[in-house]
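Just below is one structure, and these are the notes that go with it.
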Amino acid sequence: MLLIPCPYCGARDETEFSYGHEAHIARPENPDALNDAEFANYLFMRKNPKGVHYERWMHARGCRRWFNVARHTVSHRILAVYKMGEPPPTGLS
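FYI, the working numbering numbers position 54 of the sequence shown as 57, with every residue one higher than the one before it.
Below, the structure is given as structure tokens:
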């Protein structure tokens with residue numbers, strides 16, 4: 004079980020949260036200009052690293068706010084938590 008530190012409410016059990024997929028994915032400026040393969044790539048293709056991964060989470064059974072988490076995919080250790088709109092931390096491993 005993960006203990007996730009919500010930047011608004013403090014550390015809570017992972018059962019209070021909903022995973023929102025990979026963080027920092029920019030929406031295409033003009034999605035109508037994309038062909039089907041390009042749009043499918045935007046919608047479905049995600050990184051699956053062995054190591055540090057930046058994710059979006061929502062405190063669904065708490066403040067209901069979205070935030071970002073830097074988590075190591077092998078150890079599941081949470082390396083950083085930061086609010087939406089803030090830049091991702093650097094130098095994590």
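Where a beta carbon is used, it is the ideal one built from N, C-alpha and C, also for glycine.
Taking the alpha-carbon positions, what's the residue i to residue j distance?
i          : j          : result
residue 22 : residue 70 : 10 Å
residue 68 : residue 29 : 20 Å
residue 81 : residue 42 : 31 Å
residue 14 : residue 5  : 10 Å
residue 78 : residue 39 : 36 Å
residue 72 : residue 33 : 28 Å
residue 86 : residue 96 : 20 Å
residue 10 : residue 50 : 25 Å
residue 74 : residue 27 : 14 Å
Measure the CB-CB distance between residue i and residue j and report whether it falls below 7 Å.
i          : j          : result
residue 57 : residue 91 : yes
residue 84 : residue 31 : no
Would you list the residues sitting across from residue i in a DSSP beta bridge?
i          : result
residue 86 : 70
residue 37 : DSSP, once it has assigned bridges, lists no residue as partnering residue 37.
residue 45 : For residue 45, which the question treats as bridged, DSSP gives no partner whatsoever.
Kindly confirm or deny that the segment 15-31 and the segment 54-68 touch, where touching means at least three C-beta pairs closer than 8 Å. yes
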